[in-house]
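*Asks:* Chains as they are written, first to last, in this note's numbering: chain A, 1 to 71; chain B, 72 to 463.
Just so it is clear, CB atoms sit at the ideal spot from N, CA and C, and this is done for glycine as well.
Here the structure is a predicted model, which means the values were calculated and not measured.
1. Looking at C-alpha atoms only, which residue of B/426, B/95, B/366, B/328 is the closest neighbour of residue 445 of chain B?
2. Could you pull the DSSP bridge partners for residue 368 of chain B from this structure?
3. Note down, in chain order, every chain A residue with its Cβ under 9 angstroms from the Cβ of residue 182 of chain B.
4. Alpha carbon to alpha carbon, what distance is there between residue 405 of chain B and residue 60 of chain A?
5. Report all residues from its chain with a CB closer than 6 angstroms to the CB of residue 1 of chain A; omit the five preceding and five following residues, and keep chain order.
6. Quick check on DSSP: helix, strand or coil for residue 379 of chain B?
7. Please report whether the beta-carbon of residue 76 of chain B lies at a distance below 8 angstroms from any beta-carbon of chain A.
8. Quick one: residues in its chain with C-beta nearer than 6 angstroms to the C-beta of residue 25 of chain A, no 5 flanking neighbours on either side, listed in chain order?
9. Would you kindly work out how many angstroms separate the C-alpha atoms of residue 41 of chain A and residue 20 of chain A, rounded to a whole number?
10. Residues in the region 381-410 of chain B with C-beta within 8 angstroms of chain A's C-beta atoms, listed in sequence order?
11. Does DSSP classify residue 387 of chain B as helix, strand or coil?
12. In terms of alpha-carbon separation, which member of B/226, B/382, B/450 lies closest to residue 121 of chain B?
13. Measure from the C-beta of residue 451 of chain B to each C-beta in chain A and report whether the shortest distance is under 8 angstroms.
14. Considering only residues of the region 199-276 of chain B, which uninterrupted beta strand (DSSP E) runs meet the minimum length of 3 residues and lie entirely inside it, listed in chain order?
15. Can you round the beta-carbon distance between residue 11 of chain A and residue 39 of chain A to whole angstroms, since I take them to be within the 8 angstroms contact cut?
16. Using only alpha-carbon positions, find the residue among B/112, B/99, B/265, B/104 that is nearest to residue 84 of chain B.
17. Tell me which residues share the same chain as residue 203 of chain B and place their Cβ nearer than 6 angstroms to its Cβ, disregarding the 5 neighbours each side in the sequence.
18. Residue range of the beta strand (DSSP E) that residue 112 of chain B falls in?
19. Counting only C-beta atoms, is residue 7 of chain A closer than 8 angstroms to chain B at any point?
20. Could you check if residue 212 of chain B is buried or exposed, using at least 16 other CB atoms within 10 Å of its CB as the buried criterion?
21. Out of B/415, B/340, B/353, B/435, which has the shortest C-alpha to C-alpha gap to residue 402 of chain B?
22. Count the other CB atoms, across all protein chains shown, that sit within 10 Å of the CB of residue 361 of chain B; report buried if there are 16 or more and exposed otherwise.
23. What separation, rounded to the nearest whole angstrom, lies between the Cα atoms of residue 30 of chain A and residue 44 of chain A?
24. Does residue 338 of chain B come out as helix, strand or coil in the three-state DSSP assignment?
25. Report the three-state DSSP secondary structure of residue 119 of chain B (helix, strand or coil).
26. Bridge partners for residue 353 of chain B per DSSP, in chain order?
27. Note down, in chain order, all residues in the region 6-25 of chain A with a beta-carbon under 7 angstroms from any beta-carbon belonging to chain B.
28. Between the C-alpha atoms of residue 88 of chain B and residue 137 of chain B, what's the straight-line distance to the nearest angstrom?
29. Whole angstroms are fine: how far does the CA of residue 251 of chain B sit from the CA of residue 171 of chain B?
30. What is the DSSP secondary structure of residue 34 of chain A, reduced to helix, strand or coil?
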């Protein structure tokens, strides 16, 4: 099995305050609700090639609400 | 402010209205971070000043000990001037905030971008042939004034009135509370008439929206509507005006950054976030309502805390090369829009206005430089108030 590590992103709903930084740096990985608070798109799986964007989203969140899970 | 006794010691007698602080606060905050990271002054009836990111964050997150019922440090405490949700604590905070959020999502703000671009160009048209301009007065301040008036459904021509109120509340009202109270009364009367009118004839504007919106089946109380309108008008203008002005001030002084942005427009979003970090305009305040301690410093009830997001944003423990403006900084968890439940509701609007203002200016006037003395606002919001530039 030559599978690389798969990543998933997750937004902690208790921490997100709607800064929208994740959506700005990685629009494919996040969706916003009508209040502008973010969630991971779908089940949060990060498509191959978008790992850097996932880490950027994490490191730009002022509330430390974006988590990355390595599977 | 020349009549104020100068601050004698930044750790024990700081004064955020001291001319040295107004003109260049960054070395002062650096000194504070090293010598006394939570400073205190007996001025203004007692104020604490955390200068490190982690302490600013701790205060912002702790709504139990630090209340938002007073968010501006003044010489004497005024009667309460509610402007929910910014002056609200849990549990009242949440409903007041939730109703304000939907009109300010990125998608909603995107719809205003064409209007902002047209506005920026109308303003540039007025001075482009002259070879010089006051970029703070003729450009930076006009964009947010007119755009928020447009959103609220108010006449853009009332801009002078709004600027007068803002100065009364945020600057003159710090040392003379009666001035802030007078402005609040005038705004109350002004907005009451519009609310009555929009209840009868609703339009596609924020006054109509706030007058009719419901949260969990409840409409907002009339005083809540007026309070939120007061907030949107005050918070939506001075702050972004300062943010835009600081971008232009930086670009006037740094030709390499200016040219790079003109040649690599794709880094503009990173640059705007970096300007927000390095020149974060807004300092909030909290009132200590229960005694507590942070990093060994006791906070006494009744005293205030200056919650300096600008100082937090310059903390080298959080941001490598914090005092350098790196226009393509990639990891930037800045706190310019605050932290925790009071995150600036207009952050997407502010970003859009700053981006449009810088982009349109660089398109029309790619080369410009400072042309005389720059003056800075004092108090709660920091930005250039006179910003003379010259260009060909």
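*Replies:* This is what the structure holds:
1. As a first step, residue 445 of chain B must be located in the second chain, where it is residue number 374. Closest option to residue 445 of chain B, Cα to Cα, is B/95.
2. The residue labelled residue 368 of chain B in the question sits at position 297 within the second chain. DSSP output for residue 368 of chain B lists B/365 as bridge partner(s).
3. Stepping through the second chain from its first residue, residue 182 of chain B is reached at position 111. Correct list: empty, because the minimum Cβ distance to chain A is about 14 angstroms.
4. One-based indexing of the first chain puts residue 60 of chain A at position 60. One-based indexing of the second chain puts residue 405 of chain B at position 334. The straight-line gap from Cα to Cα measures roughly 8 angstroms.
5. To locate residue 1 of chain A, count along the first chain from 1; it is residue 1. Model confidence at residue 1 of chain A stands at a pLDDT of 45, short of 50, so the residue's coordinates are unreliable; what they give is reported in the following sentence. Within its own chain, no residue has a Cβ closer than 6 angstroms to the Cβ of residue 1 of chain A once the five positions on either side in sequence are excluded.
6. Position 308 of the second chain holds residue 379 of chain B. DSSP places residue 379 of chain B in strand when its eight states are reduced to three.
7. Translated into the one-based positions of the second chain, residue 76 of chain B becomes position 5. Cβ-Cβ to chain A under 8 angstroms: no for residue 76 of chain B.
8. Indexing the first chain from 1 puts residue 25 of chain A at position 25. A distance below 6 angstroms between beta-carbons, with the five flanking residues on each side excluded, links residue 25 of chain A to the following residues of its chain, in chain order: 56, 57, 60.
9. The count along the first chain starts at 1 and reaches residue 41 of chain A at position 41. The count along the first chain starts at 1 and reaches residue 20 of chain A at position 20. If you take the alpha carbons of residue 41 of chain A and residue 20 of chain A, they lie about 14 angstroms apart.
10. If the cut-off is 8 angstroms between Cβ atoms, the region 381-410 of chain B has 401, 402, 403, 404, 405, 406, 408, 410 near chain A.
11. Here residue 387 of chain B corresponds to residue number 316 of the second chain, with the count starting at 1. In this structure, residue 387 of chain B counts as coil in the three-state DSSP scheme.
12. Here residue 121 of chain B refers to the residue found at position 50 when the second chain is read from its first residue. Of B/226, B/382, B/450, the residue nearest in Cα terms is B/382.
13. Position 380 of the second chain, counted from the first residue, corresponds to residue 451 of chain B. Interface residue (Cβ-Cβ distance to chain A less than 8 angstroms): residue 451 of chain B is not classified as such.
14. The beta strand (DSSP E) runs lying completely inside the region 199-276 of chain B and spanning 3 residues or more are 203-205, given in chain order.
15. Mapped onto the first chain, residue 11 of chain A falls at position 11. Mapped onto the first chain, residue 39 of chain A falls at position 39. Rounded, the Cβ-Cβ distance is 5 angstroms, consistent with contact.
16. By one-based count along the second chain, residue 84 of chain B stands at place 13. It is B/112 whose Cα lies nearest to the Cα of residue 84 of chain B.
17. By 1-based counting over the second chain, the position of residue 203 of chain B is 132. Cβ neighbours of residue 203 of chain B beyond the five flanking positions: 442, 461.
18. For the purposes of this step, residue 112 of chain B is taken as the residue at position 41 of the second chain. Per DSSP, residue 112 of chain B is one residue of the beta strand (DSSP E) stretching across 109-112.
19. What you label residue 7 of chain A is simply residue 7 of the first chain in a count that begins at 1. Not one chain B Cβ lies under 8 angstroms of residue 7 of chain A.
20. Residue 212 of chain B sits at position 141 when you count from the first residue of the second chain. With 16 or more Cβ atoms within 10 Å of its Cβ, residue 212 of chain B is classed as buried.
21. As a working note, residue 402 of chain B is residue 331 in the second chain. Closest by alpha carbon: B/340.
22. Numbered from its first residue, the second chain carries residue 361 of chain B at position 290. Its Cβ having fewer than 16 others within 10 Å, residue 361 of chain B is exposed.
23. As a first step, residue 30 of chain A is located in the first chain; it is residue number 30 there, counting from the start. As a first step, residue 44 of chain A is located in the first chain; it is residue number 44 there, counting from the start. The straight-line gap from Cα to Cα measures roughly 8 angstroms.
24. On the second chain, position 267 is the one that residue 338 of chain B refers to. DSSP places residue 338 of chain B in helix when its eight states are reduced to three.
25. Indexing the second chain from 1 puts residue 119 of chain B at position 48. Per DSSP, reduced to three states, the secondary structure at residue 119 of chain B is strand.
26. For this step, residue 353 of chain B is matched to residue 282 along the second chain. Beta-bridge pairing by DSSP links residue 353 of chain B to B/452.
27. Result list: 17, 18, 19, 20, 23, 24.
28. Here residue 88 of chain B corresponds to residue number 17 of the second chain, with the count starting at 1. Here residue 137 of chain B corresponds to residue number 66 of the second chain, with the count starting at 1. Looking at the backbone, the Cα of residue 88 of chain B and that of residue 137 of chain B are separated by about 23 angstroms.
29. Along the second chain, one-based indexing puts residue 171 of chain B at 100. Along the second chain, one-based indexing puts residue 251 of chain B at 180. Roughly 24 angstroms separates the two Cα atoms.
30. By 1-based counting over the first chain, the position of residue 34 of chain A is 34. Looking at residue 34 of chain A - three-state DSSP - the assignment turns out to be coil, as it is neither helix nor strand.
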